[in-house]
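Before any comments, here is the structure.
Here it is in structure tokens:
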């Protein structure tokens, strides 16, 4: 399984940063009203047993997806868009053109595992999956006991 590094510079001393101790699931839907954008991402925040940083892992399979009802299960075609959305969400630097907002992510040694989602054969766009990944990450972080984010 490929690991994609999530580079971020959390504020504070890295030895005192909170750790993700239990797994939490976040789900993000992005649907444009005009029908020109659809993205759906399900992710899981979990501790990184290797203790070597933060990574995104792609674990979407037909048999293991928690969203078994969807007809169009998310494919690796959207992997880079999901990854870009996660990287953009945890980066504090403001770029001229962003698809997402900043999500406080002060955690070290955390895996963000993509476990499911769906796409629409006509309306899905790369930018929709960037936004859906951001929404899923924000929802997952808000469920953590020491969350810096309140939704």
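Numbering (my numbering), first residue to last: -11 to 139.
Where a beta carbon is used, it is the ideal one built from N, C-alpha and C, also for glycine.
For residue 70, the uninterrupted alpha helix (DSSP H) segment begins and ends at 67 to 78. In the three-state reduction of the DSSP assignment, residue -9 falls in the strand class.
Counting along the chain, no beta strand (DSSP E) covers residue 125; the unbroken alpha helix (DSSP H) around it starts and ends at 114 to 130. For residue 64, the three-state secondary structure derived from DSSP is helix. Non-local beta-carbon contacts of residue 30 in its own chain, meaning distances under 7 angstroms to residues more than five positions away in sequence, involve 13, 15, 54, 55, 103, 104, 105 and 124 in chain order. Take residue 120, set aside five residues on each side of it, and the residues of its chain with a beta-carbon closer than 8 angstroms to its own are 16, 17, 18, 27, 28, 29, 70, 73 and 105, in chain order. Of the residues assessed, residue 65 falls on the exposed side of the cut-off, its CB having fewer than 16 other CB atoms within 10 angstroms.
Apart from the 5 residues on each side of it in sequence, residue 23 sits with its Cβ closer than 7 angstroms to the Cβ of 111 in its chain, given in chain order. For the pair residue 75 and residue 61, the Cα-to-Cα distance works out to about 23 angstroms.
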